[in-house]
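Peer 1: If you use the working numbering, the sequence shown corresponds to residues 5 to 570, in order.
Cβ atoms here follow ideal geometry from the backbone N, Cα and C, with glycine treated the same way.
Here it is, the structure in full.
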Amino acid sequence: MDILNKTVLVLGGFGLVGSAVARKLVPENPKRIIITSLFLSEAEEAVKKFNQEFPDKGKDYFIPYGGDIFIRDEFKNENRLSLLNDPAKRKIIMQDIMEELSEEILKSSSINKLLKKYKPDIIIDCINTATAIAYQDVYTTYRSIRSAIRNKTGYDNLIDEVEKLLCTLYIPQLIRHIQILYSSMNEIGTNIYIKIGTSGTGGMGLNIPYTHSEEKPSRVLLSKSSIAGAHTLLLFLMGRTPGGAITKEIKPTAAIAWKRIEYGEIKRRGKPIEIADISLTEAIPLKDKFVICSDKTYRTTDKKLNSVFIDTGENGIFSRGEFETITAQKQMEFVTPEEIADVVLFEVKGGNTGHDIVSALDHASMEPTYRAGYMQHMAVKKLDELEKKHNKPSIAFELLGPPRLSKLLYEIHLLRLFNKTMIDIQNKSPEELSEKCFDIIVNDPDLRNEILSIGIPILLPNGESLLRGGMIKIPAFRGENILDVNEKSINSWANEGWVDLRIPNMKKWQTRISDLIEEVELIPLSDTSSMHVRTKDYWNNFEEINIGKICSWLFIHEEQGKRMKA
5 MDILNKTVLV
15 LGGFGLVGSA
25 VARKLVPENP
35 KRIIITSLFL
45 SEAEEAVKKF
55 NQEFPDKGKD
65 YFIPYGGDIF
75 IRDEFKNENR
85 LSLLNDPAKR
95 KIIMQDIMEE
105 LSEEILKSSS
115 INKLLKKYKP
125 DIIIDCINTA
135 TAIAYQDVYT
145 TYRSIRSAIR
155 NKTGYDNLID
165 EVEKLLCTLY
175 IPQLIRHIQI
185 LYSSMNEIGT
195 NIYIKIGTSG
205 TGGMGLNIPY
215 THSEEKPSRV
225 LLSKSSIAGA
235 HTLLLFLMGR
245 TPGGAITKEI
255 KPTAAIAWKR
265 IEYGEIKRRG
275 KPIEIADISL
285 TEAIPLKDKF
295 VICSDKTYRT
305 TDKKLNSVFI
315 DTGENGIFSR
325 GEFETITAQK
335 QMEFVTPEEI
345 ADVVLFEVKG
355 GNTGHDIVSA
365 LDHASMEPTY
375 RAGYMQHMAV
385 KKLDELEKKH
395 NKPSIAFELL
405 GPPRLSKLLY
415 EIHLLRLFNK
425 TMIDIQNKSP
435 EELSEKCFDI
445 IVNDPDLRNE
455 ILSIGIPILL
465 PNGESLLRGG
475 MIKIPAFRGE
485 NILDVNEKSI
495 NSWANEGWVD
505 LRIPNMKKWQ
515 TRISDLIEEV
525 ELIPLSDTSS
535 MHVRTKDYWN
545 NFEEINIGKI
555 CSWLFIHEEQ
565 GKRMKA
């Protein structure tokens, strides 16, 4: 893709890789580069530095943006721990993660507002998403719940901790992030999205010796790897979705270094490490119990820890000894941010570096085969023979899902019971179609009860009465057992999973058949090329009503459920 005059959004642009990517973009002359960071001050610092490096670009070329993109916009500048400790805000976060994606949740999200504000053509995501999610540490939340149960600290306290757990569950957060990102990019028409991912272990295996005082291998570290893998598979699916942004992922499998090498103050979590003043006389006896968090106040000197260090960006400050250990051959070793940026830039411009994980999965995953395609006809033929032998049409069991498929299959089956061809459906009035379908439901108890038994209700022609069994698939149970009934809810439920005998639905079926036939009629008879699959021959010149073929056509056109890659 040509980067010239395009708006580029660099998520995590303050970081090591993000900064390197931004620098590599400048010679390609994009229209503007938006630099984001968790803290606005960091984004502004990065922009200030870029303006000094590239003074000829003008003050509005680099644009800073701060805030947490994994949360709703109104909370994006607040500390996540503070949010979780606020009962009202915590409930909002929990709903944003756990409820079905609604227009309100989408439009309230930080990432949606960011994308709508700047409408980037290109997004390069350098945020370490796996770390951001996994290091919320569900295991710590579990220990709080365990403690509340053991100590019987009260119902309210237990509820608080359970809500915090729901807010820190990894997979729901990741899924919601991808849902919002995908919908937002589609809304503004983003052309390409490139993710800088992670393996979670710097390319090492389960024997990785580096942890944060947890067991080996660390569950928190493996959680990070798990999220990174889940993230990759979701991007794999996003890349297989027609009409969306071109999706790629670059996944470095080594430590990333470095930003600067200096002598100076050493900080932990943004605060200088104070030098303690502890004498030998303060040694404690090792007997009975060991107290991890002591109430004793330990003296400190007025000195701060100063030393020679190497700044590896998001991975932190390392001493020479630490850096030399971790980057030694057969340890993590390392890759430079500039090398990553070169790969990203080449991929954005349409090159093939061989480092795109999404493309690698495409090539490595097993696709549909010629043999299976050939044998599909044999399987369908055998099913047809058995249907005739046992005089039993095989319509739907509602084991595959969604309920909408079962509903569509049974509706077109009802129509074919008194229409031999597709044209016959067109030649009857919607009123007649509705009436005859209702007659079948009335007079064929076996068929009626079969539909109801698999969980598909039947909405009668008057639209005011419903046949149902003990189990129904739509509306789905989501914690509320009693729902309001109105015209909107009836139409929604009928669309999603009720056999709908109303006249408007019969009109809809006639429109579908008309659109299907029109699509085929537009293919010139002289065109015998390999371009078209669903020709008149495919539809047997409309002389039969094949319910499976019709519903697959509907899923492609109405559900936009077309497979992108063969």
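Given P479, which residues of its chain have a CB within under 7 Å of its CB, disregarding the five upstream and five downstream residues?
Peer 2: L487 and W497
Peer 1: With three or more beta-carbon pairs closer than 8 Å as the criterion, would you say the segment 219-229 touches the segment 343-350?
Peer 2: no
Peer 1: Tell me whether I127 sits in a helix, a strand or coil according to DSSP, three-state version.
Peer 2: strand
Peer 1: Near D77, what residues of its chain come up, given a Cβ to Cβ distance below 7 Å and the 5 sequence neighbours on each side ignored?
Peer 2: S112, S113, S114 and K117
Peer 1: Compute the Euclidean distance between the alpha carbons of F74 and R94, then round it to the nearest angstrom.
Peer 2: 14 Å
Peer 1: So, using beta-carbon positions, are I39 and V14 closer together than 8 Å?
Peer 2: yes
Peer 1: With I445 as the anchor, note down where its alpha helix (DSSP H) starts and where it stops.
Peer 2: P434 to N447
Peer 1: Which residue or residues does DSSP assign as beta-bridge partners of R272?
Peer 2: K275
Peer 1: Determine whether the beta carbon atoms of I67 and P34 lie at a separation below 8 Å.
Peer 2: Not closer than 8 Å, so no.
Peer 1: Excluding five sequence neighbours on each side, which residues of the same chain lie with their C-beta closer than 7 Å to the C-beta of A234?
Peer 2: Excluding residues within five positions, the ones whose Cβ falls inside 7 Å are I175 and L178.
Peer 1: First and last residue of the beta strand (DSSP E) that includes R36?
Peer 2: R36 to S41
Peer 1: For the candidate residues K255, E389 and A383, whose alpha-carbon lies nearest to that of H359?
Peer 2: K255
Peer 1: According to DSSP, is P397 part of a helix, a strand, or is it coil?
Peer 2: The answer is coil: DSSP assigns P397 none of H, G, I, E or B.
Peer 1: Can you tell me where the beta strand (DSSP E) holding F327 begins and where it ends?
Peer 2: DSSP places F327 in no beta strand (DSSP E) but in the uninterrupted alpha helix (DSSP H) bounded by R324 to I330.
Peer 1: Hey, out of P407, N447, L403 and N190, whose CA is closest to L418's CA?
Peer 2: N447
Peer 1: Going by the beta-carbon positions, is the gap between N132 and T202 smaller than 8 Å?
Peer 2: For N132 and T202, yes; Cβs fall inside 8 Å.
Peer 1: Who are R472's beta bridge partners in DSSP?
Peer 2: R472 has no beta-bridge partner at all, per DSSP.
Peer 1: Excluding the five sequence neighbours on either side, which residues of its own chain have a C-beta within less than 6 Å of the C-beta of A24, listed in chain order?
Peer 2: P341, E342 and A345
Peer 1: Buried or exposed for H181, please, with buried defined as at least 16 other CB atoms from any protein chain shown within 10 angstroms of its CB.
Peer 2: Buried: at least 16 other Cβ atoms inside 10 Å.
Peer 1: With burial defined as no fewer than 16 other Cβ atoms inside 10 Å of the residue's Cβ, what is the status of L42: buried or exposed?
Peer 2: buried
Peer 1: Specify whether the segment 454-470 and the segment 494-508 touch according to this definition: at least 3 beta carbon pairs, one from each stretch, less than 8 Å apart.
Peer 2: At 8 Å Cβ cutoff, the stretches touch.
Peer 1: When you compare only the Cα positions, how much space is there between G565 and P246?
Peer 2: G565 and P246: Cα-Cα distance of roughly 9 Å.
Peer 1: Beta-carbon within less than 7 Å of I427's beta-carbon, same chain only, minus the 5 sequence neighbours each way: which residues are those?
Peer 2: F546
Peer 1: Within the same chain, show all residues whose beta-carbon is closer than 7 Å to that of L185, passing over the 5 residues directly before and after it, in chain order.
Peer 2: I115
Peer 1: Taking 7 Å as the cut-off, is the beta-carbon of D531 closer than that to any non-hydrogen atom of the ligand MG?
Peer 2: Among the components modelled here there is no ligand, and therefore nothing to report on the ligand MG.
Peer 1: Given M208, which residues of its chain have a CB within under 7 Å of its CB, disregarding the five upstream and five downstream residues?
Peer 2: M336
Peer 1: Which residue or residues does DSSP assign as beta-bridge partners of W463?
Peer 2: First, the amino acid is wrong: residue 463 is Leu here, not Trp. DSSP lists L470 and D504 as partners of L463.
Peer 1: Using only the alpha-carbon positions, how far apart do N161 and I458 sit?
Peer 2: 43 Å
Peer 1: Would you report the Cα separation of E104 and M98, rounded to the nearest angstrom?
Peer 2: 12 Å
Peer 1: Does DSSP put D388 in a helix, a strand or coil?
Peer 2: The answer is helix: DSSP assigns D388 an H, G or I state.
Peer 1: Can I429 and L413 be called in contact, C-beta distance under 8 Å?
Peer 2: no
Peer 1: Considering only residues of the same chain and omitting the five flanking positions on each side of T215, which have a CB-CB separation below 7 Å?
Peer 2: S222 and L225
Peer 1: Roughly how many angstroms lie between the CA atoms of R420 and S410, to the nearest whole one?
Peer 2: 15 Å
Peer 1: Determine, using beta carbons only, whether K308 and P276 come nearer to each other than 8 Å.
Peer 2: For K308 and P276, yes; Cβs fall inside 8 Å.
Peer 1: Measuring straight from C-alpha to C-alpha, what distance separates G405 and S106?
Peer 2: 22 Å
Peer 1: Note down the Cα distance separating N356 from V362, rounded to an integer number of angstroms.
Peer 2: 12 Å
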